[in-house]
Every structure is written in structure tokens, then in C-alpha cells.
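Notes to accompany the following structure.
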Amino acid sequence: MNTQRQQRTRKFAALAATGLLALTACGGGDGSGSDDGPVTLRMTVWSGAPEHLKLLNGIADTYRKTHPEVKSIKFDVLPVENYTETLTTQMAGGKAPDLAWIFENSALDFVSSGALKEVKDDPDVLPAAKKIWQQDGKLYAYPFSTSPFGVFVNLDMLKKAGQPSPAELIKQGKWNWDEVDRIGAAVHTKTGKTGMVIRDFDYKAWDNLATYWDGWGAQAWSADGKTCGFDKPQMVAAMTSLHKAIFDDEAMLAPGTTADFFAGESAMTVTQMSRASLLTDKFKWDFVPLPEGPEGKYAVIGQAGIAVLAKSKHADAAAGFQAFMTNKENSAKLGAYFPQARSSQLNAATLAKSNAKLSEKQLADVVIDGIKNGKVKPVHIGQAEIYAAVRSGLDALWKPNADVQKVLTGVCNSIKPQLEQ
Amino acid sequence: MKTLDRPRSTAATGPPEDGTRAAQPFWTSRRRDQLAGYLFIAPQLIGTVVFVLIPLGLVVWYSFHEWNVLAGTFHSVGTDNYHKLLDDPKLPGVLRATAYFSVGLVVLNLSLALALAVLLNQKLRGSVVFRTLFFSPVVVSLVAWTIVWGFLLQKNGGINAGLDLIGVHGPNWLRSEGTSMLSAVVVQCFKNVGLNMVLFLAALQGVPRELYEAATVDGAGRWRQFWRITVPLISPTILLTSIITVVGSLQVFAQIAVLTQGGPSGSTTVLVYYLYQQAFTFHHFGYGATLSVLLFLIVLVLTVIQWQMRKKWVFHES
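Line by line, the protein sequences give chains E and C. According to this note's numbering, the first sequence holds residues 6 to 426 in order. According to this note's numbering, the second sequence holds residues 1217 to 1534 in order.
Set out below in C-alpha cells:
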């Protein structure tokens, strides 16, 4: 009996050993290098645009020349659609990057959770730009991109539709959403193309609609994050206007359809300066500030931070590179695509040096004014859950004859528990 | 009846108690055979343990914990996640959507696959071309297939353009609560119907011709032959395809993630997509694991029911 048991034990041990060997073989390293040897840094980014990666790799190459202990710096492009999910999944799997690009919509979650290592503050960066990246007076990510939303305009398409250019309307003081609605409807009727597209919204990413409703003085929730703003009169007015522009006037992209401005499929699109890299010489274009709403001029900012993950095996080396990457000299280079909220660089002449696509006037009107006066898109702790609930609630709005007030009241009811937490 | 235990031979297991017989070599032919057997099954066994059993155990373990990935905290919460499951107001809607998708897919897929198999089993010109045509989506990347369908199903996409040609104003397939789930079912059905069709075709070709000849002599029509001869004789394949399709339909994820992201208004939020949202988007990994346990139990129960029901409706098993 004992002999049989011993045999069984041996067999089990052999199998377990084989399994462990297989696991060891499959496991491999994570490519981060050992703590003592040369360091390999990995940073997750959302943009795979060749111009963006060339710029980032250039900065990394320069850094490595003076820091031989850093063997390589890899920029790992994650799909923008599920960037944060992919990043947190990597963290859950023990494969957290050393540095990460973090969007404003998850900033509060990352900062408040302790997932980020404190980074060096820089007094040159505007205090407003640092707000969502700070906790208890400490900075946890450098506001790498503080990018105001503006409107790219296809001047050829407007001319074809017999419509005035935004520059003319700005001179006349008529660059407002009512006029955009009228122009968009005319473009659609006369050319069959789409008038206006709020890029990346696609009837899902509703936080991009802040570029619209801020013109009515509406907000998703109160400044303290406790009170829902969707059912307030300003928001109802903004959404009623938007609904009319989409379904009655057909001035804006309809649900379930696509139109890419940069492929010449729409006359106007609300987006950020970094998208200028998609422009070709297919058509004449302009980049102008957001149209005025009933509350007058306003600006909206999308932000991203560069952070060092607290779980990084090489957090000190990563912090060193982060500081180098975001110093004044490199910030000026990054400003070509990712506007920097540095007081020393907030002038058109400096920005124009690194930005060949946009004119000094475009940079001054959209970027500099936007950074100085803009509001960041809605941010809240636990935003992912709120985001999903609002998206689901707003689905009822994206159909003709929707009861705007009823839908928006429903949205507030669905996010009330999360806001009150 | 009283039986006597047969004394075991000690020849292969070691020396007798008095220790007088010479020791046997360790590598007896029996041990060699056993080792060979273990080595043959080792790759599959290791794969099953590492990629199925250990993750399964871990999922159950995680379901009793809360894991905050960002904060890096992991602590036991007892049965809290199971209480949350019972109180989750969204879960009934999620289960309804899952049932809608599963029932829709199983009915549509199996009936279409069987109909295609019966048609292609006839000796018609071009049947090989049609077999290839219907099977080809099976080998196409699921995500690529779904993205292409996503474009076709847009309001201004190919499907509605085709409908316009015949004077029909198509709906906004993926944005309407009435058509979004139907669209997802049809996209998934066309993706995999070829596989079930081939399985049915193989089963149909195994039905002896003389049974049909005898039935014809007895005066049975084609419809009667189908129900009385074909269906009973291919019933093991119907069982197999229904189990595969039911299990597959409950695990649907990519189609929903690409086509609708659970919308509009949560109408296509099926169980796997919901658990993905909970775990990876909302960072409730413990609750996501609890939903996984629920999914596992649903799949297990449905498979056991189907397996038990085979005694009633599967004509023969070989």
C-alpha cells in the first residue's frame, strides 16, 4: 500500500515539476531588465501617428546619450478606444508600464488611488493646468498636453455650398452655433456632405459634447461633483438645440453614420490641434475657435498627463526620463502637437517655431486663448461607471422626437448614486 | 454472494517480505508504458491545468475578494459580491439580452445550417462553390468580419443602400433598440453557420440511401422522410451543434464590443460584455469574477440539461 502511495506521490510530483517547468518556460521576462543591469523603460501612449512617435523617439534618443544606464525607451501604442482599460489590464497582470500617458477622464481615479508616483512640480506650468493632477498639494502627473478644442473648416466645401468662411463670420461677430447650424444644413443640402462633426463623439463619447453645451453655460455636474447638471435648464436648452441641429436641420452628423473631415467628408469638425497631423493638401482649411453659444465665448480643453507608475520596477529612472521629456526645451518641441501650458511658451511666436501647420493667428486665437481661458472636459472619480451610465441614458436622446427633458432627467437619476458617493 | 480477494502479485511492485528474491529493475515495461502514456497526454494536461483549471479556480477565489487594480489592494469581502449579484438592478436586463441573443442565434444558426446542408446535399451544379462560399466566413478573423458588418449596417451603409434600390427605407440597424440585437445575431449567425452546415452535411451523407428508397416504396413523401429518417439519424450531430452553438452564444463578446458596445440603452449588454465592463472598465474585478462564476454555472447547467435530454431525442449514439 505504501509502495503504491509512494508511486502515486512520485507521479504527481513529476507532473507538477513538468508543469512548473512549462510555466517557467512560458513565463519569460517582461523585458524590463533587472534592477541592477541596464534599464529598459516602457511608456504607453495612445497616438501611433508617425510624426508623434518620431518626436517622442527623438527625445528618448537624446536622453539615452547622457544616461547610458537606460538601455532603451519604448513607446507602446495602445488603441485610443480602450486605452485606459488596456493600461489597467496590464497593471492587473503585473505588466504595468514604467510611464503612461493618462487621459483627463481617468485622472482623478489614478491620482486618488495612489497608482502614480509623485513628480517634480514646475512653477512655469499654469496652476489651472495642474489642478486635476494634484492631490494634497503634490503633483502626480505632468500636464503633458493641454489641448483646446477648435474647429477645423474645409474652406473649399463651404465655398462650393456658397457659405461664408468662419473668418468672415468672426469679423462680423456672427461665429456662433446658430450660424454653424445654418451653414451645416446648407452644406448638407447643396453638397450631400455632412455639415458639422464633433469628432470622436460618435454618439458614445458624450464628454466631447462639452465643446457644445459649455456655450450654454451647462455642465455635467457641479464643481464639487455632487449634483447632476444634466437636468438643469442650461443643459436642456443646449441639448434641445443639438437635437434640432441633428434631426430637424440635418446640419450635424447623424447617429449610425460616419464622416471624416480629414478625408473631405464634412465641412467642419470640432477637435484638437494634435489632429492637424491628419491634414493633407486635398483642400484649403482653417482652424478657428469654438463658435459662441448663448453665453458668449468659451473654450474647452482636453488634457493628458505623463505619469510614472508607482509599480514601475525602475520608478527612479522613469522619473528621470519624465523630467527630461517635459523640461522647457523638450516642451517646446512637444508643443508642435501637444500644447504645453507653460507661461514661458504661451505666445504665438514660440509655438509657431515648432508648429509648421498652424499660423501664428490660429495658434493665438485657438491654442493660447483656449489654454488660458478653457475649462477641462468633465472629470469625476469613478468616471468610467458614470460615463457608461450617461452614455446609456443619452441613447434615448439620439432619435427623432425624443423628449429631451425626460431623457436628461433619466440620466441624472442613473448617475445620482455615483455622484453622491 | 461472498467473494474472495485475489492476492496481488508482488512481481512488479517489489521484493517479497522476506527479501530473498532479487530486486526488479525500476523501469519495468509497465512503468515504461505508463510514462509513455503520461508523456503523450502531458501537453494537453498541462494546457488544461494552466489555462483552464487554475484560472477557473482563481476566478472563484477572486469572486470572494475585491481587487482595486489602481490602488493595488486585494482584500477578502466574503460573500458580498454574491449579495451584490442578487441585488444588481441591471442583471435581469443583462440576462434577458443574453437569452435573446442565445435563443435567436441557436434557432437561426441551426435552422439555416440544416437548410443549407440539405440543399447542398443535393447533386446540383455549383454546390461545391456554395459550400466554400458559406464556409469561408468561419476562417475569417472575427473582429475583421464584425468591423466590415459594422460599416454595412450603418444608417448610410451598404445594407440600407441595397434596400433603397428596392424602395425600402432601412432602419438605423445598430442605433435602434429594436434592431441592434437582431443585427448582432445575424452577424454572428453568418460568421459561423458554415461550420454547422459542414457538420450537418457530413451527417446527411452518412444516412443510408436505401432507407429513403424503402420509404419511397412505402409511400412516404419528402417531408415525411425528412422528419422520420433524416432528423432521427442526424440527431447526434444536432445535439453536438446545439451544444457548441449554445455555449458559443453565451460567450459572445467581440461582436457586441465592436458593433454596439452594449447599446443602445443597454439593449445589447450581454453577460460577458457586462462582466468585462465591471472588471476592466469599472475596475470591480471581484464582482466581474462573480459574474464569471454565474456565466460558468449557466453554461454548465444548460450543457448538462442538453446532455441529459439526448436520451429522449437523440436517436442513436455511436
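Where a beta carbon is used, it is the ideal one built from N, C-alpha and C, also for glycine.
Using only CA atoms, which one of the options lies nearest to residue i?
| i | options | result |
| --- | --- | --- |
| C/Ile1521 | C/Phe1469, C/Tyr1492, C/Met1397, C/Val1462 | C/Val1462 |
| E/Leu283 | E/Leu46, E/Glu56, E/Glu297 | E/Glu56 |
| E/Thr151 | E/Ser279, E/Lys179, E/Val185, E/Ser227 | E/Ser279 |
| C/Phe1501 | C/Leu1251, C/Val1293, C/Leu1255, C/Gln1250 | C/Val1293 |
| E/Ser348 | E/Asn110, E/Ile373, E/Asn213 | E/Ile373 |
| E/Trp218 | E/Glu255, E/Val384, E/Gly234 | E/Gly234 |
| C/Thr1446 | C/Arg1425, C/Leu1466, C/Gly1435 | C/Arg1425 |
| C/Leu1286 | E/Ala228, E/Asp186, E/Ser317 | E/Ser317 |
| E/Phe206 | E/Gln168, E/Lys249, E/Glu86 | E/Glu86 |
| C/Ser1279 | C/Gly1504, C/Ala1473, C/Ile1514, C/Val1515 | C/Gly1504 |
| E/Asp126 | E/Ala120, E/Ser111, E/Tyr145, E/Ile137 | E/Tyr145 |
| E/Asp186 | E/Ser246, E/Ser227, E/Lys143, E/Thr216 | E/Ser246 |
| C/Ser1343 | C/Met1413, C/Pro1353, C/Met1525 | C/Met1413 |
| E/Gln224 | E/Lys380, E/Phe115, E/Asn110 | E/Lys380 |
| E/Asp114 | E/Glu90, E/Asn159, E/Ser359 | E/Glu90 |
Considering only the beta carbon of each residue, do residue i and residue j sit closer than 7 angstroms?
| i | j | result |
| --- | --- | --- |
| E/Ser271 | E/Thr199 | yes |
| E/Ala323 | E/Asp103 | yes |
| E/Pro148 | E/Ala133 | no |
| E/Asp236 | E/Cys417 | yes |
| C/Leu1368 | C/Ile1375 | yes |
| E/Ser419 | E/Ala394 | yes |
| E/Ala166 | E/Ala190 | no |
| E/Asn181 | E/Pro43 | no |
| E/Met330 | E/Ile107 | no |
| E/Val156 | E/Met257 | no |
| C/Leu1379 | C/Gly1373 | no |
| E/Gly261 | C/Asn1388 | yes |
Measuring straight from C-alpha to C-alpha, what distance separates residue i and residue j?
| i | j | result |
| --- | --- | --- |
| C/Thr1519 | C/Ser1318 | 13 angstroms |
| C/Leu1311 | C/Asp1296 | 20 angstroms |
| C/Gln1404 | C/Ile1363 | 12 angstroms |
| C/Gln1370 | C/Ala1418 | 37 angstroms |
| E/Ala328 | C/Arg1391 | 46 angstroms |
| E/Ile376 | E/Ile306 | 7 angstroms |
| C/Asn1337 | C/Leu1415 | 12 angstroms |
| E/Tyr342 | E/Arg204 | 17 angstroms |
| E/Asp3 | E/Phe266 | Only positions 6 to 426 of chain E appear in the structure, and residue 3 of chain E is not among them; the question remains open. |
| E/Phe426 | C/Leu1261 | In the sequence under discussion, the amino acid at residue 426 of chain E is Gln, which differs from the Phe named in the question. Using only the alpha carbons, I get a separation of about 47 angstroms. |
| C/Gly1165 | E/Leu424 | A question about residue 1165 of chain C goes unanswered here, because the residues of chain C that appear run from 1217 up to 1534. |
| E/Asp212 | C/Ala1360 | 28 angstroms |
| E/Ala354 | E/Val371 | 14 angstroms |
| E/Ala293 | E/Gln177 | The sequence shown places Val at residue 293 of chain E, rather than the Ala named in the question. Their Cα atoms are separated by approximately 14 angstroms. |
| C/Lys1407 | C/Leu1358 | 8 angstroms |
| C/Met1397 | C/Thr1476 | 9 angstroms |
| E/Gly99 | E/Leu314 | 12 angstroms |
| E/Ser364 | E/Ser336 | 19 angstroms |
| C/Pro1305 | C/His1299 | 12 angstroms |
| C/Phe1512 | E/Ile391 | 28 angstroms |
| C/Trp1277 | E/Ala97 | 15 angstroms |
| C/Gln1240 | C/Leu1255 | 23 angstroms |
| E/Thr414 | C/Gly1478 | 21 angstroms |
| E/Trp51 | E/Pro84 | 6 angstroms |
| C/Gly1320 | C/Val1517 | 19 angstroms |
| C/Thr1289 | C/His1499 | 12 angstroms |
| E/Gly34 | E/Gln139 | Low confidence applies here, because E/Gly34 scores a pLDDT of 39, under 50, leaving its location unreliable and the question unanswered by this model. |
| E/Ala101 | C/Asn1284 | 14 angstroms |
| C/Val1468 | C/Trp1365 | 16 angstroms |
| E/Ala309 | E/Pro128 | 18 angstroms |
| C/Val1515 | C/Ala1258 | 27 angstroms |
If I measure Cβ to Cβ from residue i and keep anything under 7 angstroms in the same chain, skipping five residues before and after, which residues do I get?
| i | result |
| --- | --- |
| C/Ser1508 | Val1275, Leu1491 |
| E/Ala27 | Residue placement at E/Ala27 cannot be trusted, given a pLDDT of 41 that sits under 50; what the coordinates show is reported in the next sentence. Within the same chain, E/Ala27 has no close Cβ partners at all. |
| E/Ser77 | Thr45 |
| C/Asn1489 | For the record, residue 1489 of chain C in the displayed sequence is Tyr; it is not Asn. The answer, listed in chain order, is Phe1469, Ile1472, Ala1473, Gly1478. |
| E/Cys31 | In this predicted model, E/Cys31 has a pLDDT of only 39, less than 50, meaning its place in the structure is not dependable; the value taken from the coordinates is given anyway. Counting only Cβ-Cβ distances below 7 angstroms, and skipping sequence neighbours, we find nothing. |
Tell me which residues share the same chain as residue i and place their Cβ nearer than 8 angstroms to its Cβ, disregarding the 5 neighbours each side in the sequence.
| i | result |
| --- | --- |
| C/His1179 | A question about residue 1179 of chain C goes unanswered here, because the residues of chain C that appear run from 1217 up to 1534. |
Enumerate in chain order the residues of its own chain whose CB-to-CB distance from residue i is below 6 angstroms, with the five nearest sequence positions on each side excluded.
| i | result |
| --- | --- |
| E/Leu4 | As shown, chain E starts at 6 and ends at 426. That puts residue 4 of chain E outside it, with no answer to give. |
| E/Val412 | Ala401, Leu402 |
| C/Val1409 | Asn1325, Leu1328, Ala1329 |
| E/Leu356 | Gly340, Leu368 |
Discussion item. Please give me, in chain order, every unbroken run of the alpha helix (DSSP H) with length at least 4 that falls completely inside the stretch 1445–1490 of chain C.
Written reply: 1451–1466, 1470–1475
Item to complete: Please list the segments of the alpha helix (DSSP H) lying wholly inside the stretch 1277–1339 of chain C, counting only runs of 4 or more residues, in order along the chain.
Response: 1296–1303, 1307–1336
Item to complete: Could you pull out every unbroken beta strand (DSSP E) segment of at least 3 residues lying fully inside the stretch 224–301 of chain E, listed in chain order?
Response: 271–277, 290–294
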